[in-house]
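Scroll down for the structure; my scribbles are underneath it.
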Amino acid sequence: MSTNGHYHPPDFEYPIHSSSAGDGFNRGKYPSNYPLISDSIFEYLCRSIDNDYIAHPTDCKRYAYCANGVPQAKVCTKNLFWSQSERMCVWPVQSDCPAKNLNSEPSIGASAAGAPWMIRGTTYPASYILTDVPPPLPSSNVYKPAVDCPPTQSWRVPDPYDCSIYHDCYHGTDLVSYCPAQLQYNPEKQSCDHAQNVQCKNKCTPKNEGSRFVDTTSCCHFYECISGKLIPQTCTHPNLFDIQTRTCLPYKKVKCDGRRQCLSKCHYLSNYDVGKTLCDFVPSCSGHSDGFYLDRTKPNCQSYIQCQDNRVANHSRCPYGQRFNRNIGRCAPTDQVPCHAPSSIRISLFSSILIVVLAVASNIIL
1 MSTNGHYHPP DFEYPIHSSS AGDGFNRGKY PSNYPLISDS IFEYLCRSID NDYIAHPTDC
61 KRYAYCANGV PQAKVCTKNL FWSQSERMCV WPVQSDCPAK NLNSEPSIGA SAAGAPWMIR
121 GTTYPASYIL TDVPPPLPSS NVYKPAVDCP PTQSWRVPDP YDCSIYHDCY HGTDLVSYCP
181 AQLQYNPEKQ SCDHAQNVQC KNKCTPKNEG SRFVDTTSCC HFYECISGKL IPQTCTHPNL
241 FDIQTRTCLP YKKVKCDGRR QCLSKCHYLS NYDVGKTLCD FVPSCSGHSD GFYLDRTKPN
301 CQSYIQCQDN RVANHSRCPY GQRFNRNIGR CAPTDQVPCH APSSIRISLF SSILIVVLAV
361 ASNIIL
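So for the sequence shown, the UniProt record's numbering puts the first residue at 1; every next one is plus one.
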């Protein structure tokens with residue numbers, strides 16, 4: 001059945017083939033602490049996903065539903081491709097599958113026992129198989145984590161530079177995974193673990209020049225490998241640093257995962273601990289629901305702010321002869337609105353100090 005031009009996922013399944021001794025996995029030439037990926041790709045990916053769809057990493061037509069960690073493999077009908085963002089089969093031009101080849105029909109068949117069904121000559125980037133992850137913003141200078149994955153070997157390995165990244169090599173495909181902000185990959189447990197349990201330190205070398213590392217304490221800060229040193233960097237307000245894409249994205253697309261939220265421009269200061277007292281003199285929406293509120297940092301009760309998602313979305317000022325009435329959320333004649341705002345002298349002094357501090361802060365756009 002079609003809805004708005006989209007085709008709903010058909011209840012049409014191919015069997016999942018588990019690998020065997022002759023499936024092409026290397027069983028002797030790999031480090032002892034790197035486990036072989038002995039399941040099919042869907043069985044492997046579904047281990048950490050409950051009750052959601054996943055895309056096949058190399059075939060635009062294939063997907064699976066992970067029911068409590070157990071995959072139900074499916075294939076879109078002829079001429080349709082799977083869309084991970086829409087969670088349904090769509091026309092190829094509507095699909096977000098980066099491996100799609102509109103000039104040829106995909107051939108369905110196994111290249112080896114237990115190998116995934118493939119569109120020959122195409123490859124998905126590893127981030128595509130992750131659910132609810134926004135696509136990375138284009139940036140030619142950002143280092144892309146990668147390891148060599150021979151087509152006849154499959155295993156899990158830690159990233160050689162970033163302690164929070166690990167790679168699953170599957171039949172030559174590098175599937176990159178990212179630990180939450182507060183965790184690092186533990187090769188012994190083959191899972192993300194607390195940093196104190198992992199003997200790992202991020203590395204900055206000429207080989208990974210431009211790589212970006214998570215700042216575990218702040219959602220708007222990160223580190224970048226520049227000339228052999230990890231240099232602190234700051235996203236432009238109001239963007240936040242995304243773990244998966246290693247780029248600054250609109251805040252609605254980023255999960256902070258335990259990192260400190262950056263709601264005000266003060267939070268974007270390179271040294272927030274020094275500037276946090278000045279945040280008392282910057283309009284704040286902390287604790288406010290969406291709506292209009294009096295700007296307590298300005299004198300005369302004429303200024304107000306619009307709050308959205310606990311952030312200041314807009315600054316406004318009432319017309320001459322009016323003040324902002326916080327009880328009704330709009331401007332009203334001055335004689336109808338009592339004002340108890342701080343003095344203009346005190347406000348002006350601290351505003352001037354704050355403007356200077358923000359102006360010299362690293363790459364903050366006012």
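The beta carbon of each residue, even a glycine, is placed where N, CA and C say it ideally should be.
Give me the residue from the options with the minimum Cα distance to residue i.
i           : options               : result
residue 77  : 61, 288, 67 and 66    : 61
residue 221 : 227, 228 and 233      : 233
residue 279 : 56, 287 and 267       : 267
residue 320 : 72, 313, 302 and 312  : 302
residue 328 : 340, 294 and 308      : 294
residue 204 : 188, 223, 153 and 190 : 223
residue 340 : 308, 300 and 322      : 300
residue 183 : 189, 175, 216 and 158 : 216
residue 189 : 175, 156, 160 and 209 : 156
residue 263 : 219, 305 and 297      : 219
residue 244 : 252, 178 and 304      : 178
residue 210 : 193, 194, 228 and 195 : 228
residue 161 : 310, 185, 309 and 318 : 185
residue 307 : 291, 96, 80 and 176   : 291
residue 251 : 55, 309 and 304       : 309
residue 169 : 45, 305 and 325       : 45
residue 91  : 41, 81 and 195        : 81
residue 57  : 238, 176, 248 and 79  : 176
Would you say residue i lies against chain C (beta-carbon separation less than 8 Å)?
i           : result
residue 222 : Included in the structure is just one protein chain, with no chain C present.
Taking buried to mean at least 16 other C-beta atoms within 10 Å of its own C-beta, is residue i buried or exposed?
i           : result
residue 116 : With a pLDDT of 31 at residue 116, under the threshold of 50, the modelled position of that residue is not reliable, and the figure given next carries that caveat. Residue 116 comes out buried.
residue 231 : exposed
residue 199 : exposed
residue 53  : buried
residue 49  : buried
residue 316 : exposed
residue 75  : buried
residue 207 : exposed
residue 236 : exposed
residue 89  : buried
residue 167 : buried
residue 150 : exposed
residue 284 : buried
residue 286 : exposed
residue 289 : exposed
residue 173 : buried
residue 330 : exposed
residue 226 : exposed
Assuming the contact rule is C-beta atoms closer than 8 Å, residue i and residue j should be a hit. Round their C-beta distance to whole Å, please.
i           : j           : result
residue 212 : residue 246 : 4 Å
residue 51  : residue 64  : Wrong, their Cβ atoms sit about 12 Å apart, outside the cutoff.
residue 72  : residue 83  : Incorrect: roughly 18 Å between the Cβ atoms, too far for contact.
residue 163 : residue 202 : 6 Å
residue 265 : residue 282 : 6 Å
residue 258 : residue 180 : 7 Å
residue 171 : residue 154 : 6 Å
residue 187 : residue 165 : Contact doesn't hold; Cβ gap of about 12 Å is too wide.
residue 367 : residue 323 : Because the chain in this structure spans residues 1 to 366, residue 367 falls outside the shown range and cannot be described.
residue 240 : residue 256 : 7 Å
Who are residue i's beta bridge partners in DSSP?
i           : result
residue 80  : Partner(s): none; residue 80 has no beta bridge.
residue 74  : 63
residue 330 : 325
residue 368 : No statement about residue 368 is possible, as the shown extent of the chain runs from 1 to 366 and does not include it.
residue 314 : 306
residue 52  : 66
residue 97  : Looking at the DSSP assignment, residue 97 forms no beta bridge with any residue, so it has no partner.
residue 241 : 248
residue 256 : Partner(s): none; residue 256 has no beta bridge.
residue 90  : 81
residue 293 : 305
residue 286 : Paired residues: none, contrary to the question.
residue 218 : 260
For the ligand COA, is there a heavy atom less than 7 Å away from the beta-carbon of residue i?
i          : result
residue 94 : Of ligands this structure carries none, so the ligand COA is not represented either.
Unbroken stretches of the beta strand (DSSP E), 3 residues or longer, contained in the region 155-216
155-158, 165-170, 173-178, 183-186, 191-194 and 212-214
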